[in-house]
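Asks:
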Amino acid sequence: MNSIHISYLDEVKSTNDFSIDLIKNNISFNGIVISDVQTEGRGRYGNKWISHKGNIFCSIYKEVKNHKDIYDAQFKSLRILKKYLLKSGIQNTIIKIKKPNDILVKYKKICGILVESIRYRKTLYLIVGIGLNLIQSPKIKYYKTTYANKYTKKKIEKLSFVNFIKQNINNF
Numbered sequence: 101m102n103s104i105h106i107s108y109l110d111e112v113k114s115t116n117d118f119s120i121d122l123i124k125n126n127i128s129f130n131g132i133v134i135s136d137v138q139t140e141g142r143g144r145y146g147n148k149w150i151s152h153k154g155n156i157f158c159s160i161y162k163e164v165k166n167h168k169d170i171y172d173a174q175f176k177s178l179r180i181l182k183k184y185l186l187k188s189g190i191q192n193t194i195i196k197i198k199k200p201n202d203i204l205v206k207y208k209k210i211c212g213i214l215v216e217s218i219r220y221r222k223t224l225y226l227i228v229g230i231g232l233n234l235i236q237s238p239k240i241k242y243y244k245t246t247y248a249n250k251y252t253k254k255k256i257e258k259l260s261f262v263n264f265i266k267q268n269i270n271n272f
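Just so we're aligned, residue 101 is where the sequence shown starts under our numbering, counting upward by one.
In structure tokens, the structure reads:
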């Protein structure tokens, strides 16, 4: 696998869209995009992902062999993110994966993913967008939300998250 390109941004419309632009502009084909603020984040079915500064907004993008890899990435991503939350000190008994794209803590949404793909120059690419409520959670009308640092003794830092993702990028 090629070296991992990491883009740290102050603000971006969408980390997934930025990842796609990196691919289509031949800048990078394997990497991570992370931003302090995301102004037009999205979820499934065009739902808006509400992005509060201080939370984690990132995308992982990489070349894949086929559409099965994209399908498999949905659940693999959730398992990897659950592993990160466990490693960060959140108890296993309160973390649940809610298919197809959420992680709940005490039945409240803490994390969501959006898996997308593009074909560029005959190569298939996977893009996994991740929104993790780290220091605060948005108020959503239809479901409850929470944030990770509420359940940990030691506060989770963005750098530890990025390092974990770098170490696990081949598992997505």
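No residue lacks a Cβ here, since even glycine has one placed at the ideal position from N, Cα and C.
As a quick exercise: from I235, T246, Y251, pick the residue whose alpha carbon is nearest that of Q191.
Replies: By 1-based counting over the sequence shown, the position of residue 191 is 91. The shortest Cα separation from Q191 among I235, T246, Y251 belongs to Y251.
Asks: Compute the beta-carbon to beta-carbon distance between L226 and K162, rounded to the nearest angstrom, for a pair I have assumed lies under 8 Å.
Replies: Stepping through the sequence shown from its first residue, residue 226 is reached at position 126. Stepping through the sequence shown from its first residue, residue 162 is reached at position 62. About 6 Å; that satisfies the 8 Å criterion.
Asks: Rounding to the nearest angstrom, what Cα-Cα distance links F264 and S114 in this structure?
Replies: Residue mapping note: residue 264 aligns to position 164 of the sequence shown, counting from 1. Residue mapping note: residue 114 aligns to position 14 of the sequence shown, counting from 1. So the two alpha carbons sit approximately 21 Å from each other.
Asks: Taking all protein chains shown into account, do 16 or more other C-beta atoms lie within 10 angstroms of the C-beta of K209, making it buried, or fewer, making it exposed?
Replies: Here residue 209 corresponds to residue number 109 of the sequence shown, with the count starting at 1. Answer is buried; the Cβ neighbour count reaches 16.
Asks: Given a cut-off of 8 Å, decide if N116 and L232 are closer than it, judged by their beta-carbon atoms.
Replies: Numbered from 1 along the sequence shown, position 132 holds the residue referred to as residue 232. Numbered from 1 along the sequence shown, position 16 holds the residue referred to as residue 116. Contact flag unset, no.
Asks: By how many angstroms is the C-alpha of L234 removed from the C-alpha of D202?
Replies: Along the sequence shown, one-based indexing puts residue 202 at 102. Along the sequence shown, one-based indexing puts residue 234 at 134. So the alpha carbons of these two residues sit roughly 15 Å apart.
Asks: Since F280 and I160 should fall inside the 8 Å C-beta cutoff, what is the C-beta to C-beta distance between them, to a whole number of angstroms?
Replies: Since the first and last residues shown for the chain are 101 and 272, residue 280 lies out of range.
Asks: N249: which of L186, A173, S217 sits nearest, CA to CA?
Replies: Walking along the sequence shown from the start, residue 249 turns up at place 149. Closest in alpha carbon position to N249, among L186, A173, S217, is L186.
Asks: Measure the alpha-carbon distance for T223 versus L204 and round it to whole angstroms.
Replies: Working through the sequence shown from its first residue, we reach residue 223 at position 123. Working through the sequence shown from its first residue, we reach residue 204 at position 104. Roughly 34 Å between the two C-alpha positions.
Asks: Excluding five sequence neighbours on each side, which residues of the same chain lie with their C-beta closer than 8 Å to the C-beta of S304?
Replies: What is shown of the chain runs 101 to 272, which leaves residue 304 out entirely.
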